[in-house]
Amino acid sequence: GQNIDQPTEMTATEGAIVQINCTYQTSGFNGLFWYQQHAGEAPTFLSYNVLDGLEEKGRFSSFLSRSKGYSYLLLKELQMKDSASYLCAVNPVQDNLFFGTGTRLTVIP
Amino acid sequence: ETGVTQTPRHLVMGMTNKKSLKCEQHLGHNAMYWYKQSAKKPLELMFVYSLEERVENNSVPSRFSPECPNSSHLFLHLHTLQPEDSALYLCASSQDPPGWTGGRMNTEAFFGQGTRLTVV
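If you're matching them up, the sequences are chains A and B in order.
Just so we're aligned: 69 in my numbering is position 62 of the first sequence, and the numbers increase by one with no gaps anywhere.
Just so we're aligned: 1052 in my numbering is position 89 of the second sequence, and the numbers increase by one with no gaps anywhere.
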């Protein structure tokens, strides 16, 4: 079976750094994705990790440890527009994206 | 604009109605998907089409009927729905069909804006 765990909600201050964790148990592993979804909008792709380590893309970074079934999304220099849901999704081998419930991040002034 | 367009954006229908959701992708992708997103639940995969053939149906009730007439269009036909079917229905597409890497491991999905469905 497949299972993905991430916190339901988080709050952080504008300008700060926030880390959103994701743990997963899947029957196979073909990569882990992070998507951002603003209320009422489509999810949009943020990052993809298939090897262990940190992938940096501007203010966003994503980390993966396959042996621990663990990933995190790191957001730096938070802006109000970063308030959104962040979805962790795993691509098990020979299957499709399996999503977690998402973490709703609220950025406050 | 992600290249995946869904219509309508909002739909209210009675339990005896018949309606259809439409999805169109302009990305030249080979796989298309229907997802259901309910409040406080993860995105649930409903149907997958690869090169216009259905490859996966995750035990979705028969009141949902997909149709993929060509690689750019995907429909979800709805009939005799229940109030618990109220949700956001998202269409997505990806370059590669499920399970085929073609030397690439990235199966990034591009999502449409979704149709907010309310069944009354």
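Every residue gets a Cβ at the ideal spot worked out from N, C-alpha and C, and that includes glycine.
In the three-state reduction of the DSSP assignment, PRO1029/B falls in the strand class. In the structure shown, ASP12/A adopts extended strand secondary structure according to DSSP, grouped into three states. The Cβ atoms of GLN9/A and PRO116/A do not sit closer than 8 Å to each other. Taking a beta-carbon distance threshold of 8 Å, ASN56/A does not count as an interface residue toward chain B. If you compare the alpha carbons of PHE52/A, ALA46/A, ASN103/A, SER68/A with that of SER78/A, the shortest gap goes to SER68/A.
Listed in chain order, the non-local C-beta contacts of SER1001/B below 6 Å within the same chain comprise ALA1050, local neighbours out to five positions each way being set aside.
The three-state reading of DSSP puts GLU84/A in coil, since its state is none of H, G, I, E or B.
Taking 3 residues as the shortest admissible run, the stretch 971 to 1058 of chain B contains the following complete beta strand (DSSP E) segments, listed from N- to C-terminal end: 973 to 976, 981 to 988, 994 to 1000, 1007 to 1013, 1016 to 1020, 1027 to 1033, 1036 to 1042, 1050 to 1057.
In the DSSP assignment, ASN56/A falls within the beta strand (DSSP E) that extends over 51 to 56.
Using a Cβ distance threshold of 8 Å, LYS981/B and HIS1036/B do not count as a contacting pair. For the options GLN1045/B, PRO1046/B, CYS1031/B, the alpha carbon positioned closest to that of LEU1039/B is the one of CYS1031/B.
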